[in-house]
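The UniProt record's numbering puts the first residue of the sequence shown at 1, with every later residue one more than the last.
Where is the CB? At the ideal position from N, CA and C, for every residue including glycine.
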Amino acid sequence: MTTSQPIVVDSVSVSPDHYIDGQRVASASRFALSSPIDQRPLGQVAEGLDAHVEAAIVAAQQAFAAWSALTAAERKPYLDRFAEEIGRRADAFCRLESNDAGVLLSRMRHGVVPRAMLNITWFAQHALTLQNRPIETEQAHHIVRHDPAGVVAIITPWNAPLMLSTWKLGPALAAGNTCILKPPEWAPLTCSLLAEAADAAGLPRGVFNVVQGTGATTGARLVSDPRIARISFTGSVPTAKWIAQAAGANLVPCSLELGGKSPFIVLEDADLDNAAATGALMYRNAGQVCLAGTRLLVHARVADRFVAAMRGYVEKLAIGDPRDEATEVGPIIHPRQVERVQGFVQRAVAGGARLLWGGGPHPFGAQYFQPTMLTELRQDDEIVQNEVFGPVLTLQTFGSDDEAIRLANGTDYGLGGVCYGATEHATAVAQRVRTGFIWVNSFGIRDLAAPFGGIKRSGIGREGGDWSFEFFCDIKDVVVPKKPFRASFSQR
Ligand SMILES: NC(=O)C1=CN([C@@H]2O[C@H](COP(=O)(O)OP(=O)(O)OC[C@H]3O[C@@H](n4cnc5c(N)ncnc54)[C@H](O)[C@@H]3O)[C@@H](O)[C@H]2O)C=CC1
Ligand SMILES: O=Cc1ccc(S(=O)(=O)O)cc1
């Protein structure tokens with residue numbers, strides 16, 4: 001089948017086809033893509049059928065022999081070139097993701113594209129440290145090897161497709177695996193451009209493959225295949241449960257980075273203005289950020305002052321077209337998500353919650369929603385317990401540290417958290433919150449060497465630094481005795 005006409009978005013062209021074994025592959029079946037900015041149609045994207053998934057697995061298996069045989073040092077120049085080719089296309093990446101996912105163009109430029117490049121180069125560099133970690137004991141010399149696992153399936157969500165795909169691809173490829181990326185169907189374009197960058201960088205064919213398609217068909221087929229050695233998934237809890245079952249059927253390790261309902265604690269001794277400014281940041285990406293602190297827990301004695309300060313910041317937020325440099329909050333990804341967000345708010349209000357601000361659609365357009373804050377809530381309310389994944393926060397008050405921690409830990413999620421207060425006090429409270437990470441008097445400080453991931457319903461496993469490689473590698477201990485070994489049944 002001949003390749004398809006490119007999709008052209010804001011003068012940027014990108015292929016809507018798969019990328020398998022170094023070739024663009026069209027599909028007889030396609031799905032429609034539209035922009036969250038203004039609901040205009042962007043084009044038709046290839047839907048991965050069984051034959052495409054099969055071809056990608058075969059290509060990745062064939063490429064594995066040569067790619068895995070290279071040393072990390074030999075793979076590094078390929079990956080550095082891959083990052084360079086991403087950088088060369090920076091403007092195109094920014095425009096595509098702003099148009100298909102609704103991410104701010106300014107954030108793409110200053111945050112996401114540099115981070116995507118670092119996701120590739122940092123892990124290529126870190127891989128060099130893996131093969132030289134002997135363990136010496138009196139008895140033996142242990143050579144601890146990090147061997148590539150095989151063909152890796154990478155499944156990513158729509159809220160940060162470029163960042164999250166490269167966050168997985170970087171370590172997976174640096175470890176010597178070959179990869180099949182299944183991009184999010186609501187925002188598939190930057191993943192397609194990644195294939196172009198990989199191609200230009202000269203990554204050997206089959207090392208990196210992209211199979212577009214919906215989750216229930218293409219994604220499900222991919223993760224159910226026993227030839228897949230690892231599944232790395234970021235997305236929702238229901239999908240994670242499905243994937244974990246498919247992985248379990250084949251005994252394939254899977255890494256699951258899921259949603260959150262992270263507490264944002266404001267202690268009585270907090271710098272309230274700073275805390276309020278950070279609070280307003282939780283509306284970034286229209287609240288479609290897994291790690292946002294969406295449950296404001298504020299000491300009762302400072303709650304009024306905190307709310308007044310935060311209201312001041314929220315009222316100034318510029319809501320609009322994400323391509324406009326001045327915009328701070330863009331659209332919600334899909335009409336279905338807008339409905340979902342509105343439903344959460346309506347049910348909360350019907351159940352007795354009070355709106356502090358927002359609560360409905362924003363006049364800028366059909367997929368824009370007002371930054372919203374609800375209060376007068378019970379801990380078991382739906383809106384307190386469930387991830388909205390939209391610009392909707394809740395506010396509860398507390399009277400003691402113990403109560404703050406009880407509320408903070410009182411959901412099934414455990415991804416992140418934020419704690420504002422006098423540094424020593426806030427640090428002590430933060431350490432009692434049961435999550436995978438928590439920021440003290442700050443938000444969003446990240447280092448690729450640090451572990452990232454959640455507990456409870458927020459996921460299984462950690463990404464970042466050594467943790468990524470522990471997942472993507474088969475770790476092997478080669479034990480070489482220091483003294484001549486002689487078999488004996490009495491040996492301990
Ligand atoms: N912990 C983290 O780092 C992050 C978590 N998320 C979570 O992701 C969710 C939003 O993303 P969505 O795209 O709505 O999630 P989703 O779970 O519906 O989809 C995520 C990806 O999984 C694919 N998929 C769906 N069903 C599948 C199946 N049966 N087999 C294989 N693949 C399948 C989709 O096509 C998509 O590529 C939110 O709940 C959010 O919290 C989002 C970003 C980061
Ligand atoms: O929404 C998911 C998400 C967003 C950001 C990051 S990171 O902190 O930049 O690594 C991870 C996951």
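Should C191 be listed as close to ligand 2, given that the test is whether its C-beta is under 8 Å from any heavy atom? C191: no, Cβ never under 8 Å from ligand 2.
Under 9 Å between the Cβ atoms of A160 and V338? Cβ distance not < 9 Å, so A160 and V338 don't count as in contact.
Cβ separation of G454 and L415, assumed to be a contact under 8 Å, to the nearest whole Å: Contact holds; Cβ gap of about 4 Å.
Nearest-angstrom Cβ-Cβ length linking N177 and G150, presumed shorter than 8 Å: N177 to G150, Cβ: 6 Å. Contact.
Member of D477, A200, Y420 and R340 whose CA lies at the smallest distance from the CA of E85: Per the Cα distances, A200.
Hey, is C179 close to ligand 2, as in C-beta under 8 Å from one of its heavy atoms? Flag unset: Cβ of C179 not near ligand 2.
Ends of the alpha helix (DSSP H) at F123? First-last of the alpha helix (DSSP H) with F123: V113 to H126.
Whole angstroms is fine: what's the gap from C94's alpha carbon to L272's? Distance between the alpha carbons of C94 and L272: 34 Å.
Could you tell me whether the region 262-276 touches the region 286-305, using the rule of 3 or more Cβ pairs below 8 Å? The region 262-276 vs the region 286-305: in contact.
Smallest Cα separation from P451: which of W439, V392 and S468? Of W439, V392 and S468, the residue nearest in Cα terms is S468.
Please indicate yes or no: does the CB of V237 lie closer than 8 Å to some heavy atom of ligand 1? V237: yes, Cβ under 8 Å from ligand 1.
Thinking C-alpha only, which one of R75, P188 and A90 is nearest L173? Nearest to L173 by alpha-carbon distance, out of R75, P188 and A90, is R75.
Thinking just about the alpha-carbon of each residue, which of T217, M282, V440 and F64 is nearest to the one in L203? Restricting attention to T217, M282, V440 and F64, the CA atom closest to the CA of L203 is found in F64.
Using a 10 Å radius around the Cβ and a threshold of 16 neighbouring Cβ atoms, would you call A51 buried or exposed? The residue in question, A51, is exposed, as its Cβ has fewer than 16 Cβ neighbours within 10 Å.
Less than 9 Å between the C-beta atoms of A116 and V14, yes or no? The Cβ-Cβ distance between A116 and V14 does not fall below 9 Å.
C-alpha gap between S488 and K482, whole angstroms: So the alpha carbons of these two residues sit roughly 17 Å apart.
Inter-residue spacing [alpha-carbon to alpha-carbon] between G102 and T375: Approximately 28 Å between the Cα atoms of the pair.
D477 - DSSP class collapsed to helix/strand/coil: In the structure shown, D477 sits in a strand (DSSP, three-state: E or B).
Enclosing alpha helix (DSSP H) for W167 [first to last residue]: That run of the alpha helix (DSSP H) goes P161 to A174.
Restricting to Cα atoms, I'd like to know which of A404, I383 and S400 is closest to T394. It is I383.
Rounded C-beta distance between D100 and S35? I'm assuming under 8 Å. Contact flag correct, Cβ pair sits at about 6 Å.
Please go through the region 396-437 and give each complete alpha helix (DSSP H) segment of 4 or more residues, from N-terminal end onward. Within the region 396-437, the complete alpha helix (DSSP H) runs of at least 4 residues are 401-408 and 423-430.
Return yes when the Cβ of V341 is within less than 9 Å of the Cβ of A392, no when it is not. As written in the sequence, residue 392 is Val, which differs from the Ala given in the question. Yes, the pair counts as a contact, with Cβ atoms nearer than the cut-off.
So K168 and V211 are in contact, right, with Cβ under 8 Å, and what is the actual spacing, rounded? Contact between K168 and V211 fails: their C-beta atoms lie close to 15 Å from each other, not under 8 Å.
So G22 packs on G206, CB below 8 Å; how close in whole Å? Indeed, because the Cβ distance is near 7 Å, the residues count as touching under 8 Å.
What are the partner residues of W467, as DSSP defines its beta bridges? The partner list for W467 (beta bridge, DSSP) is empty, contrary to what the question assumes.
Test item: CB-CB of E47 and T239 under 9 Å: Not a contact, by the Cβ cut-off of 9 Å.
Minimum length 4: unbroken alpha helix (DSSP H) runs contained in the region 327-366: Runs found: 335-350.
Please state the DSSP three-state secondary structure of T218. DSSP places T218 in the helix class (H, G or I) of the three-state scheme.
Closest by CA to H126, which one among A350, A90, T71 and F443? Of A350, A90, T71 and F443, the residue nearest in Cα terms is T71.
Using the Cβ count rule (16 or more neighbours within 10 Å means buried), how would you classify F123? Answer is buried; the Cβ neighbour count reaches 16.
Helix, strand or coil for I445, going by three-state DSSP, please let me know. Note: I445 maps to coil in three-state DSSP.
Looking at ligand 1, does it come within less than 8 Å of T294, judged from the CB to the closest heavy atom? Not so, every heavy atom of ligand 1 lies at least 8 Å from the Cβ.
S68: beta carbon under 8 Å from a heavy atom of ligand 1? Answer for S68: no, Cβ out of range of ligand 1.
Below 9 Å between beta carbons: does that hold for G144 and K476? As written in the sequence, residue 144 is Val, which differs from the Gly given in the question. Taking 9 Å as the Cβ cut-off, V144 and K476 qualify as a contacting pair.
Excluding five sequence neighbours on each side, which residues of the same chain lie with their C-beta closer than 8 Å to the C-beta of E138? Excluding the 5 residues flanking it on each side, E138 has same chain C-beta neighbours closer than 8 Å at K482, in chain order.
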